[in-house]
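What follows is one structure encoded as structure tokens, with my remarks underneath.
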Amino acid sequence: SACRCLLIHTADALVLVDTGCGDRFDAKGRDIFAVDPTVTLANSLAAAGVSPVDITHVLFTHLHFDHCAGALRDSDGDLVPAFPDAVHIVQLGEFDDARAGRSIMRSSFLSADLEALARSVNWEWTAGDVEIVPGVRVEVTGGHTEHHQSVVVRGARDTLLFPGDLIPTRAHLRPYWIMAYDMFPYDTFLRKQELARRACDNRWIVAWDHDPDARWSRLVDDDRGVAAIPLASDT
Numbered sequence: 408s409a410c411r412c413l414l415i416h417t418a419d420a421l422v423l424v425d426t427g428c429g430d431r432f433d434a435k436g437r438d439i440f441a442v443d444p445t446v447t448l449a450n451s452l453a454a455a456g457v458s459p460v461d462i463t464h465v466l467f468t469h470l471h472f473d474h475c476a477g478a479l480r481d482s483d484g485d486l487v488p489a490f491p492d493a494v495h496i497v498q499l500g501e502f503d504d505a506r507a508g509r510s511i512m513r514s515s516f517l518s519a520d521l522e523a524l525a526r527s528v529n530w531e532w533t534a535g536d537v538e539i540v541p542g543v544r545v546e547v548t549g550g551h552t553e554h555h556q557s558v559v560v561r562g563a564r565d566t567l568l569f570p571g572d573l574i575p576t577r578a579h580l581r582p583y584w585i586m587a588y589d590m591f592p593y594d595t596f597l598r599k600q601e602l603a604r605r606a607c608d609n610r611w612i613v614a615w616d617h618d619p620d621a622r623w624s625r626l627v628d629d630d631r632g633v634a635a636i637p638l639a640s641d642t
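Rendered as structure tokens:
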């Protein structure tokens, strides 16, 4: 369940896409979800010279615990914001569905965390495709959850696609290879083909949130559609 997050530097913002599963697991939870307690989001940010208070926006692709639990930290038994100065952004439909448990995967929504987030952070809800800050845009894909959103980042030289759990690994590029966790598999089937084709045709970089071996890839045509060619981590 380890989730790879994305840190985006713009001229006026520092945007964190997803926050991972956090570090509040007991030994059993760490074993079940293969969580390495020595690898934390806070440590990764610190290695990049970023403090939690530097983050201006926390952008969630969706609200399953492995993507949003890291937005909270434990403070003497209370759940408090890990990024206290950031505006937190998600599709309003995702927020409502998560709090109401509207999914057969409702165990992936942690009610205590969601209620703590609801009352303690500064929220900005989106409805549909929208530019969050200049150069950073969300596109609603559905599929994994009804209101799942992917992120497109346009830079001076390249465009980057962060598909989130619509295409969590390179293995899921093939149209029919769909996760059992996806609540709307036909939507996944359609949207991931459309996004993958755009990424391939326009030479976008694709960043994977759950691929164990590759952080970034470019997509190329092959005899089965598109394939991912991993890039060096510093590309």
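Count the sequence shown with our numbering and you get residues 408 to 642, in order.
Where a beta carbon is used, it is the ideal one built from N, C-alpha and C, also for glycine.
None of the values given here were measured: they were computed from a predicted structure.
Query	Result
8 Å Cβ cutoff met for residue 534 and residue 567	no
Proximity of residue 538 and residue 494 at Cβ, strictly below 8 Å	no
Residue range of the unbroken alpha helix (DSSP H) whose run includes residue 635	Note, residue 635: premise wrong, no alpha helix (DSSP H); beta strand (DSSP E) at 632 to 637.
Close Cβ partners of residue 584 (< 8 Å) along its chain, the five nearest in sequence each way excluded	578
DSSP three-state assignment for residue 559, whether helix, strand or coil	strand
Span of the alpha helix (DSSP H), counted from its first residue to its last, around residue 573	Element bounds for residue 573: n/a, residue is neither H nor E.
Integer-rounded CB distance, given that residue 624 should sit under 8 Å from residue 639	With 8 Å as the limit, residue 639 and residue 624 do not qualify as a contact, their Cβ atoms being about 11 Å apart.
Distance, residue 444 Cα to residue 430 Cα	7 Å
Buried/exposed call for residue 522, threshold 16 Cβ in 10 Å	exposed
Check whether residue 571 and residue 616 have beta carbons under 8 Å apart	yes
Nearest neighbour of residue 597, chosen from 620, 548, 421, 612 [CA to CA]	548
Spatial neighbours of residue 367 in its chain, beta-carbon cut-off 7 Å, leaving aside the 5 residues before and after	Residue 367 falls outside the range modelled here, since the chain spans only 408 to 642, and no answer is possible.
Close-in-space but distant-in-sequence residues of the same chain around residue 488 (CB under 6 Å, 5 per side omitted)	527, 528
Whole-angstrom distance between residue 471 and residue 620, CA atom to CA atom	22 Å
Terminal residues of the alpha helix (DSSP H) in which residue 592 lies	592 to 608
Span separating the alpha-carbon of residue 420 from that of residue 461	9 Å
Best match in 491, 588, 435 for proximity to residue 514 [C-alpha to C-alpha]	588
Residue 506 beta carbon less than 8 Å from that of residue 581	no
Alpha carbon of residue 501 to alpha carbon of residue 517, nearest angstrom	13 Å
Reference residue 452, options 424, 633, 558, closest by Cα	424
Buried or exposed (CB count within 10 angstroms, at least 16 for buried), residue 575	buried
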